[in-house]
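*Asks:* Mapping of the sequence shown onto full-length UniProt numbering: position 315 corresponds to residue 315, and the numbering continues sequentially without gaps.
Virtual Cβ for every residue (Gly too), placed ideally from N, Cα, C.
Got a structure for you, written out below as structure tokens; questions coming shortly.
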Amino acid sequence: MNIEVVDFGAAGLGKPEPSATEMEQISREIIRAFRDIGFVYLKNTGIEDQTVFRVMDISKNFFQLPKDIKQQYARILDCEIPSQGWIELESLNSTNSEDLKEVFNLTSLSESHNWPVDHDPEFTRSMESFFKACWQLSVRVMKIIALGLGLESDFFMSKHKKIGSNQNPTTLRTAYYPQIQRSSVKENQMRCGEHSDYGTFTLLFQDKNGGLEVMHKSGQFIAAPYIPNTVLLNIADTLQRWSADTLISTKHRVPIPQADDMLNKPRRSVAFFVHPDHNASLECFGGLDKYSPITSLQFLKKNYGNLFIRDSYPTSD
């Protein structure tokens, strides 16, 4: 039970527009993986490990700052979708203890953000540059998914026009999971609790320590390890609703490592959570009418409103 690896090279960043045959091949393989488990690895995307690890290294410098300094850059709650900034601990499963990680979210490219330029001057440039690269890759992924589902090529792009602005909640999240003392772990506690993502889809980059597990159709969790120079792409809840549940947003988690040597190794990840614009209509495509039309913002508030304040969305793997 392994997650499929699809060669995205023909549609990768820096490449010319792929041929219709190449597009069809990639889209067929991705949709097949989506229908099987909801996750797929993409290789040759144009985003290489060297770039990813650079972002992780710079982010680590921020996470290692004293708490009182990081607190100056904590997320602001008095806004419609409180996500931008540093979050110390959160729980992605309301029945369990807080997850053992801290994160920093970038939700828009506004110049007004409170950045730790005095303490980590490279952090801003690194995060904004990687946000833009993930954004560019996401546009190509949207075209591929639309083709695989028999939709117009711009179906998803037309509903994600405002990425990088305050009218779209797409988020770049860098996460740091510190070393763990087994004696301090609470019952049922995890590095990242079992959950599904909220948006259209997610691009996830892991470090070499891996640790992610994905729920198979059988109900068993299977490993989704680090694979060099790949990005892990998964369906999220909004796309499931859009598809009238013909595509499933798969639950996943990062448990506490069983091996003692892995407890002593910090884990790092970077995720790009792609969401539709706030005003985008989530009307089921393909002629299906399982759900009534609703805007993306209404969908988020209706289903996850309590999480906005308790945990801040999006989730993180």
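If we call anything under 9 Å between Cβ atoms a contact, is ASN61 one with ARG173?
*Replies:* Not in contact: ASN61 and ARG173 (Cβ atoms no closer than 9 Å).
*Asks:* Nearest CA to the CA of HIS252: which residue from GLY211, VAL52, GLY148?
*Replies:* Per the Cα distances, GLY211.
*Asks:* Can you look up ASN93 in the DSSP assignment and give me helix, strand or coil?
*Replies:* Note that ASN93 has pLDDT 48, beneath the 50 cutoff, so the model's placement of it is unreliable and no number is given.
*Asks:* Give, in chain order, every unbroken run of the beta strand (DSSP E) that is at least 3 residues long and sits entirely within the segment 252–298.
*Replies:* List check, beta strand (DSSP E) in window: 252–254, 267–274.
*Asks:* DSSP on ASN61, reduced to helix/strand/coil?
*Replies:* The answer is helix: DSSP assigns ASN61 an H, G or I state.
*Asks:* I need the straight-line Cα distance from ASP154 to PRO66, nearest angstrom please.
*Replies:* One C-alpha to the other measures close to 45 Å.
*Asks:* Return the CA-CA distance between LEU232 and ALA11, expressed in angstroms with no decimal places.
*Replies:* The straight-line gap from Cα to Cα measures roughly 16 Å.
*Asks:* Who are the near neighbours of PHE131 in its chain, counting only those whose CB is closer than 8 Å to its CB and skipping five residues on each side?
*Replies:* Excluding positions up to five away in sequence, the list reads LEU106, LEU109, GLY164, LEU172, PHE272.
*Asks:* So, for ILE294: in the same chain, excluding its five sequence neighbours on each side, which residues have a beta-carbon less than 7 Å away from its beta-carbon?
*Replies:* So the qualifying residues of the chain are LEU282.
*Asks:* Give the straight-line distance between the Cα atoms of ASP277 and LYS302, rounded to the nearest whole angstrom.
*Replies:* Roughly 16 Å separates the two Cα atoms.
*Asks:* Which class does LEU204 belong to by DSSP, given the choice of helix, strand or coil?
*Replies:* LEU204: strand per DSSP, three-state reduction.
*Asks:* From ILE76 to SER83, what distance separates their C-alpha atoms?
*Replies:* Approximately 7 Å, taken between the alpha carbons.
*Asks:* With a threshold of 6 Å on Cβ separation, who are the neighbours of ASN93 within its own chain once the five nearest residues in sequence on each side are excluded?
*Replies:* In this prediction, ASN93 scores a pLDDT of 48, lower than 50, which makes its location untrustworthy; no coordinate-derived value is stated.
*Asks:* Using only alpha-carbon positions, find the residue among LYS265, ARG241, GLU128, ALA74 that is nearest to ASP207.
*Replies:* The shortest Cα separation from ASP207 among LYS265, ARG241, GLU128, ALA74 belongs to LYS265.
*Asks:* Pick out whichever of MET142, ARG140, ARG54 has its Cα sitting closest to the Cα of ARG125.
*Replies:* With distances taken between Cα atoms, ARG125 lies closest to ARG54.
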